[in-house]
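Step one of this worksheet: look at the structure below.
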Amino acid sequence: MSGFQEYVRYLVALTAVLDPFLAVPIFLTLTASQGVRARVVLVRVVAITVFAVLAASALLGETILTAIGASLAAFRVGGGLVLLLMALAMLNAKAGGVRQSEEEAAELESGELRGVVPLAVPLLAGPGAISTTIIASQQGGAAHLAAIIGCILVVSLLSWAVLRAAYPIGARLGTTGLNIATRLLGLLLAALAIQTMAEGLRELFPGLA
Numbered sequence: 266m267s268g269f270q271e272y273v274r275y276l277v278a279l280t281a282v283l284d285p286f287l288a289v290p291i292f293l294t295l296t297a298s299q300g301v302r303a304r305v306v307l308v309r310v311v312a313i314t315v316f317a318v319l320a321a322s323a324l325l326g327e328t329i330l331t332a333i334g335a336s337l338a339a340f341r342v343g344g345g346l347v348l349l350l351m352a353l354a355m356l357n358a359k360a361g362g363v364r365q366s367e368e369e370a371a372e373l374e375s376g377e378l379r380g381v382v383p384l385a386v387p388l389l390a391g392p393g394a395i396s397t398t399i400i401a402s403q404q405g406g407a408a409h410l411a412a413i414i415g416c417i418l419v420v421s422l423l424s425w426a427v428l429r430a431a432y433p434i435g436a437r438l439g440t441t442g443l444n445i446a447t448r449l450l451g452l453l454l455a456a457l458a459i460q461t462m463a464e465g466l467r468e469l470f471p472g473l474a
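This note's numbering puts the first residue of the sequence shown at 266, with every later residue one more than the last.
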């Protein structure tokens, strides 16, 4: 697979993992009592936080793998499993336990959580996005890393645009439309998750090839 295809694959995977459409209803809940200016500021902070968390994951990915003593192949299998669990939840139009536990959802409903938590972390830049970024960043030098960070910037801007237009999107698509978008991204993510796991297993067990 060419370098360009790898970047496109990562771009698609990260978009599916973040799934800004899944965050729209939560954003609407969080900002129901806020003014337009406060919403604009929150969206900007969320997008910057998502970019910072994922860029840091790309830059520190190798250090993280070394620290936990895991090979890239093993991390591919584990990361792929995380993505698959997320994809299965998305196919049911749910956030799922990987993104948000029942306790975290209860805190959100009670109004105890505001702003960057839980929107930026862990709903958007959560375990799935971080593991996807670490895996993608471990394949080249400085130019490759710069391209990965560029992809992160693109997806962060996409998340910003979706959340910035959350109220019109929510009004036009409604719950059904948002669920359809989430299910489509979940289908893409499921395929990418299986591919990631297959590549990791092939590296761990060469005989499978």
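Heads up, the beta-carbon is just placed ideally off N, CA and C, and yes, glycines get one too.
Roughly how many angstroms separate the alpha carbons of residue i and residue j, rounded to a whole number?
i: tryptophan 425; j: glycine 393; result: 19 Å
i: leucine 454; j: alanine 390; result: 15 Å
i: valine 273; j: glycine 415; result: 12 Å
i: glycine 442; j: valine 318; result: 29 Å
i: histidine 409; j: isoleucine 417; result: 13 Å
i: arginine 309; j: valine 420; result: 13 Å
i: glutamine 404; j: arginine 448; result: 30 Å
i: alanine 360; j: proline 383; result: 12 Å
i: serine 322; j: glycine 465; result: 19 Å
i: alanine 312; j: alanine 411; result: 19 Å
i: glycine 345; j: threonine 328; result: 20 Å
i: isoleucine 413; j: glutamine 270; result: 12 Å
i: glutamate 367; j: alanine 407; result: 40 Å
Identify, in the order they occur along the chain, each residue of the same chain with its Cβ nearer than 7 Å to the Cβ of residue i, setting aside the five sequence neighbours on each side.
i: leucine 423; result: Thr280, Pro285
i: alanine 320; result: Ile414, Ile417
In chain order, what residues of the same chain lie with their CB nearer than 8 Å to the CB of residue i, ignoring the 5 residues before and after it?
i: valine 277; result: Leu453, Leu457
i: alanine 335; result: Gly343
i: glutamine 299; result: Leu307
Taking all protein chains shown into account, decide if residue i is buried (16 or more other Cβ within 10 angstroms of its Cβ) or exposed.
i: leucine 469; result: exposed
i: glutamine 365; result: buried
i: isoleucine 333; result: exposed
i: arginine 341; result: buried
i: glycine 451; result: buried
i: valine 427; result: buried
i: valine 363; result: buried
i: leucine 473; result: exposed
i: alanine 430; result: exposed
Looking only at C-alpha atoms, which of the options sits nearest to residue i?
i: proline 433; options: Val301, Gly268, Val282, Gln270; result: Val301
i: tyrosine 275; options: Ala358, Leu293, Leu287, Ala401; result: Ala401
i: isoleucine 395; options: Ser336, Gln270, Gly326, Val305; result: Gly326
i: valine 381; options: Leu449, Gly362, Arg304, Leu466; result: Arg304
i: leucine 330; options: Thr398, Ala360, Pro387, Leu388; result: Thr398
i: leucine 337; options: Ala463, Ala412, Gly362; result: Ala463
i: isoleucine 461; options: Ala297, Ile291, Val347, Val311; result: Here residue 461 turns out to be threonine, not isoleucine, going by the sequence shown. It is Val347 whose Cα lies nearest to the Cα of threonine 461.
i: valine 315; options: Pro471, Leu388, Ala407; result: Leu388
i: arginine 467; options: Ser298, Ala320, Ala339, Gly268; result: Ala339
Can you name, in chain order, every residue of its own chain whose Cβ lies under 6 Å from the Cβ of residue i, other than the five neighbours on each side?
i: glycine 435; result: Val289, Leu293
i: valine 282; result: Gly393, Ala394, Thr397
i: threonine 296; result: Arg304
i: alanine 446; result: Phe286
i: alanine 352; result: Gly451, Leu454, Ala455, Ala458
i: alanine 385; result: Val311, Thr314, Val315
Report the CB separation of residue i from residue j in whole angstroms; it is logged as a contact under 8 Å.
i: isoleucine 459; j: leucine 349; result: 7 Å
i: alanine 358; j: asparagine 444; result: 4 Å
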